[in-house]
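Engineer: Handing you a structure now.
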Amino acid sequence: MAQHPVLTFHGAARAVTGSCFRLDLAGGALLVDCGMFQGSKTEKTLNYRPFPFDAADIRAVLLTHAHIDHSGLLPKLIRDGFHGPIHATPATVDLCGVMLPDSAHIQETEVEMLNRRNRRRGGADVTPIYDARDAEATLALFRPQEMGQWFTVLPGCRARFWNAGHLLGSASVEVELSAPNAPLRLLFSGDIGPDAKLLQADPEGPAGLDYVIVESTYGDVDRAEASAPHRRATLRDEVRAAWREDGVLLIPTFAVERAQELIADLTTLMMAGDIPFCPIHVDSPMATRATALFAKHARALEGGAALIDGLKLHHLHFTETVEQSRALAQARGFHIILAASGMCEAGRIRHHLKNWIARDAATLLLVGYQAEATLGRLLQDGARQVRIQGEEFPVRARVRSIDLYSGHADGPELAKWIAERAPIRHGLFLVHGEEEAMAGLAARLSGHPAERVAVPALDDAYDLTADGFVRRAAADPPRLAPEQVARMDWHNDVSRLILDINEALRATADDRARNTLIRRLRRALEESGHLPPLRKGARRRQ
26 MAQHPVLTFH GAARAVTGSC FRLDLAGGAL LVDCGMFQGS KTEKTLNYRP
76 FPFDAADIRA VLLTHAHIDH SGLLPKLIRD GFHGPIHATP ATVDLCGVML
126 PDSAHIQETE VEMLNRRNRR RGGADVTPIY DARDAEATLA LFRPQEMGQW
176 FTVLPGCRAR FWNAGHLLGS ASVEVELSAP NAPLRLLFSG DIGPDAKLLQ
226 ADPEGPAGLD YVIVESTYGD VDRAEASAPH RRATLRDEVR AAWREDGVLL
276 IPTFAVERAQ ELIADLTTLM MAGDIPFCPI HVDSPMATRA TALFAKHARA
326 LEGGAALIDG LKLHHLHFTE TVEQSRALAQ ARGFHIILAA SGMCEAGRIR
376 HHLKNWIARD AATLLLVGYQ AEATLGRLLQ DGARQVRIQG EEFPVRARVR
426 SIDLYSGHAD GPELAKWIAE RAPIRHGLFL VHGEEEAMAG LAARLSGHPA
476 ERVAVPALDD AYDLTADGFV RRAAADPPRL APEQVARMDW HNDVSRLILD
526 INEALRATAD DRARNTLIRR LRRALEESGH LPPLRKGARR RQ
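Residues 26 to 567 (the working numbering) make up the sequence shown, in order.
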């Protein structure tokens with residue numbers, strides 16, 4: 026008797042990161058994506074916790090694209106016992122060859138810094154999620170598959186990739202099941218690119234499916250005109266407004282795709298005389314290596330010629346070493362710095378923010394999605410002070426945001442993409458979006474009965490039958506409750522409280538008033554039982 030597949034959502038469930046979907050079949054289990062969680066510290070702890078399944082039981086992985094929130098936990102999967110094939114497009118294989126070793130380096134470097142701080146405070150050492158050896162072992166398991174070509178994944182399961190228009194090599198994954206499984210056709214969208222995406226063709230996909238699992242990052246957004254002339258004109262205006270003598274335009278950017286798009290547009294504007302020539306520093310070793318891969322695949326890219334022309338401009342500089350990066354702090358004259366990460370959560374952008382965020386000669390330009398509780402989101406929402414690597418900084422730089430370089434389709438484009446997959450016979454699952462975005466996309470789906478649209482929570486599992494999906498009763502509690510996903514957590518609240526206390530103390534008239542405020546705060550903690558009372562002499566000295 027054919028077995029009903031079971032689909033479990035281990036990430037990107039009412040949130041935009043950690044993409045990981047497990048499909049249990051008669052011949053074994055496979056994963057679609059195995060991505061890293063970003064956002065609040067509560068969510069990021071999931072990267073360190075055990076997988077909610079035995080990695081050795083997974084027979085294969087289908088990878089939609091190379092972005093770390095889709096691929097970043099693959100080395101952990103290998104470390105924990107996975108030995109099967111990882112199927113991806115050739116360009117995705119190439120990009121992962123850059124991104125996964127870089128991710129491992131970040132894990133090792135940041136954990137080393139954290140452990141130094143912990144030792145000073147008497148805390149315990151932390152182990153990296155994975156290291157360079159795990160990343161190298163992962164790369165050996167990749168199996169490149171061409172777009173549009175069927176390949177066997179497991180007995181009774183074959184798959185093929187469709188261009189998703191999101192990133193070099195990005196794909197939607199069609200999965201077709203036959204005996205010994207119940208016959209079904211599924212489509213995992215991956216991340217769907219917008220119709221006017223620089224460097225990428227419009228997304229494609231099959232029609233006539235049983236189940237579709239679709240991203241919803243911008244499901245509640247109707248984006249402004251996104252044509253190439255409008256996008257470049259908007260960037261031109263932002264560069265002109267940011268221009269200050271000895272100033273800087275900081276652009277946090279994903280090292281893959283976003284950096285290359287900005288290189289193409291900035292150099293095009295300079296060569297056209299729309300903005301003055303100035304140094305453009307691409308401060309990311311990974312962006313440097315990824316740009317070489319984009320040049321390699323330029324013939325397959327729409328607008329690839331503009332990128333190749335831009336790479337020849339002598340105002341464009343790539344920094345490799347930490348010393349070269351730090352030397353940018355001494356740069357004179359207006360300049361532009363592109364540095365990872367796109368949400369200001371890691372990488373060299375934090376070093377530049379520490380140097381510039383308190384200076385009014387700087388402009389910070391956010392050009393992509395900023396997930397809830399990330400530093401980028403806090404700055405986008407108007408924070409007046411921020412904490413970066415434990416240090417406090419006032420925000421005096423101009424903070425600007427444009428949404429014309431997003432790699433994601435907006436609400437109308439997603440609704441159009443879904444309509445083109447019709448008929449979708451049994452069910453539509455909305456993933457990879459915060460709740461407001463998913464609600465916005467659901468409101469656009471007039472042709473889909475509400476009972477056939479599901480919004481899974483983390484670790485929810487569904488039987489996929491020929492008559493529709495059935496949510497399974499949970500055998501174990503979810504790793505995070507829904508109210509803990511894509512939300513500010515207590516770490517954010519503590520940082521905000523510390524910043525507010527320091528701001529209040531600075532605004533208080535004199536030392537006597539400050540001491541009064543400190544005593545009141547301490548008394549509140551003492552009365553709650555969280556601090557022992559100070560000795561009387563200590564109170565007088567305070």
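Quick reminder that beta carbons are idealized off the backbone N, C-alpha and C, glycines included.
Decide if the region 456–463 is in contact with the region 239–255; the criterion is three or more beta carbon pairs, one per stretch, under 8 angstroms apart.
Structural biologist: Yes, since at least three Cβ pairs between the region 456–463 and the region 239–255 fall closer than 8 angstroms, the two stretches touch.
Engineer: Alpha carbon to alpha carbon, what distance is there between Lys101 and Ile374?
Structural biologist: Their Cα atoms are separated by approximately 26 angstroms.
Engineer: May I ask you to verify whether the region 363–382 touches the region 274–292, counting CB pairs closer than 8 angstroms and requiring at least 3?
Structural biologist: Flag = yes, the region 363–382 and the region 274–292 touch.
Engineer: Please look up how many angstroms separate the CB atoms of Arg412 and Pro419, rounded, as I've assumed it's under 8 angstroms.
Structural biologist: Arg412 to Pro419, Cβ: 11 angstroms. No contact.
Engineer: Hey, Glu370 and Leu400 are a contact pair by Cβ (cut 8 angstroms); roughly how many whole angstroms apart?
Structural biologist: Right, the Cβ-Cβ distance comes to about 6 angstroms (below 8 angstroms), so this counts as a contact.
Engineer: Could you give the residue range of the beta strand (DSSP E) that holds Gly36?
Structural biologist: Note, Gly36: premise wrong, no beta strand (DSSP E); not H, not E.
Engineer: CB Gly218 to CB His191, shorter than 8 angstroms?
Structural biologist: Going by C-beta atoms, Gly218 is nearer than 8 angstroms to His191.
Engineer: Nearest to Asp220 by CA position, among Glu199, Ala207, Asn188, is which residue?
Structural biologist: Per the Cα distances, Asn188.
Engineer: Is the beta carbon of Met124 less than 8 angstroms from the beta carbon of Val264?
Structural biologist: No, these two residues do not count as a Cβ contact at 8 angstroms.
Engineer: Just confirm the distance between the C-beta atoms of Val478 and Ala467, as a whole number of angstroms; I'd bet it's less than 8 angstroms.
Structural biologist: Right, their Cβ atoms sit about 6 angstroms apart.
Engineer: Starting from Leu390, follow its DSSP beta bridges and name the residues at the other end.
Structural biologist: In DSSP, Leu390 forms a bridge with Arg425.
Engineer: Excluding five sequence neighbours on each side, which residues of the same chain lie with their C-beta closer than 6 angstroms to the C-beta of Ser214?
Structural biologist: Here the set comprises Ser197, Val239, Glu240.
Engineer: Could you check the C-alpha separation between Ala43 and Asn72 for me, to the nearest Å?
Structural biologist: Note that residue 43 corresponds to Gly in the displayed sequence, not to Ala. Using only the alpha carbons, I get a separation of about 9 angstroms.
Engineer: Using 8 angstroms as the limit for Cβ to Cβ distance, is Ala157 near chain B?
Structural biologist: As a matter of chain content, chain B is missing from the structure shown, which is built from one protein chain.
Engineer: Is the beta carbon of Leu341 closer than 8 angstroms to that of Thr293?
Structural biologist: No, the Cβ-Cβ distance between Thr293 and Leu341 is not below 8 angstroms.
Engineer: Would you say the region 154–168 touches the region 49–56, given that touching needs at least three Cβ pairs under 8 angstroms?
Structural biologist: No, the region 154–168 does not touch the region 49–56.
Engineer: The beta strand (DSSP E) with Ala100 in it runs from where to where?
Structural biologist: The identity of residue 100 in the sequence shown is Pro, whereas the question assumes Ala. Note, Pro100: premise wrong, no beta strand (DSSP E); alpha helix (DSSP H) at 99–104.
Engineer: DSSP state of Leu483, grouped into three classes?
Structural biologist: Coil.
Engineer: Going by DSSP, what residue range makes up the beta strand (DSSP E) through Leu341?
Structural biologist: First-last of the beta strand (DSSP E) with Leu341: 341–344.
Engineer: Pairing CB atoms from the region 252–269 with CB atoms from the region 432–441, are three or more of them under 8 angstroms?
Structural biologist: Touching, no, given that fewer than three Cβ pairs across the two stretches are closer than 8 angstroms.
Engineer: In whole angstroms, give me the CA-to-CA distance for Asp385 and Ala422.
Structural biologist: Roughly 5 angstroms separates the two Cα atoms.
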